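These notes are about the structure you will find just below.
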């Protein structure tokens, strides 16, 4: 089945997603928490530190609560790249919990050289209350040209002044091996033969790992390390990085509205059109 507008409205079956305290701890470590100093971020990396009850990184919702995207079975996944990711938190993410998540394809866009498939997942807690809304866009190279809409534009502009915060993090050479344990076992990030078929000479780091590092920077620099203030985040992936490379997150805060851009060690943009809502 080709990618075209007929996929819009296609829903996944409701999925029951659950996570434990250990899952949340592993995720935090997988996106660099405590990496520079194990005695920092203990509220995210331990569950039994005196005076620091366990808390959950906001970006963990993407891993814990994401629903299935109902895609055709015959797609060539070596041609798939993560294009955009966004989430909105409608409640507090507990250290352990369970949700019912339902995903729906909400857009299919023809970019000429490829196709964008956008899905939205709504996750509800055991009481039926919405806890998170998650939006994912995937780019499939070579699947464009079907005559569909190009998709909505964006009004995002890079602020003209100096950023209010600049945070730099180094990733580990084995970062992809660690992050894959959170659930994303795509061999694009570990298998040289698979990544080579996708046009990459070496396995690249998961885009969602870079997204998690970026979310940590936003949390600590703009939200005072308080997950309760972090309500939403979105960003567009523009370039992958390799495990072991360094990223820099530039942050502009205007009240609750935050804009950011993530770059690699050469200054190339890795995540663009970044926005967050921090109360």
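Residue numbers (the working numbering): -15 to 263.
Where a beta carbon is used, it is the ideal one built from N, C-alpha and C, also for glycine.
Values in this document were obtained by computation on a predicted structure and should not be read as measured data.
Residue(s) in a DSSP beta bridge with residue i
i, result
"residue 217", "71 and 260"
"residue 122", "66 and 101"
"residue 244", "235 and 258"
"residue 253", "247"
"residue 117", "72 and 106"
"residue 82", "2"
"residue 33", "36"
"residue -5", "88"
Residue burial classification, residue i (beta-carbon count within 10 angstroms, cutoff 16)
i, result
"residue 189", "buried"
"residue 177", "exposed"
"residue 227", "buried"
"residue 136", "exposed"
"residue 144", "exposed"
"residue 130", "exposed"
"residue 224", "buried"
"residue 43", "buried"
"residue 187", "buried"
"residue 236", "buried"
"residue 159", "buried"
"residue 199", "buried"
"residue 23", "exposed"
"residue 94", "buried"
"residue 70", "buried"
"residue 7", "buried"
"residue 247", "buried"
Beta-carbon spacing of residue i, residue j below 8 Å
i, j, result
"residue 28", "residue 12", "yes"
"residue 197", "residue 52", "no"
"residue 265", "residue 99", "Outside the displayed range of the chain (-15 to 263) lies residue 265, so it cannot be described from this structure."
"residue 62", "residue -2", "no"
"residue 89", "residue -7", "yes"
"residue 68", "residue 103", "no"
"residue 5", "residue 31", "yes"
"residue 142", "residue 245", "yes"
"residue 180", "residue 221", "no"
"residue 231", "residue 174", "no"
"residue 10", "residue 203", "no"
"residue 125", "residue 97", "yes"
"residue 206", "residue 253", "no"
Coarse secondary structure for residue i, derived from DSSP in three states
i, result
"residue 58", "coil"
"residue 90", "strand"
"residue 230", "strand"
"residue 43", "coil"
"residue 153", "strand"
"residue 25", "coil"
"residue 178", "helix"
Contact belief for residue i with residue j at Cβ below 8 Å, rounded distance in angstroms
i, j, result
"residue 153", "residue 201", "7 Å"
"residue 255", "residue 219", "4 Å"
"residue 140", "residue 259", "7 Å"
"residue -9", "residue 101", "7 Å"
"residue 324", "residue 33", "With the chain covering only -15 through 263, there is no way to say anything about residue 324."
"residue 216", "residue 72", "4 Å"
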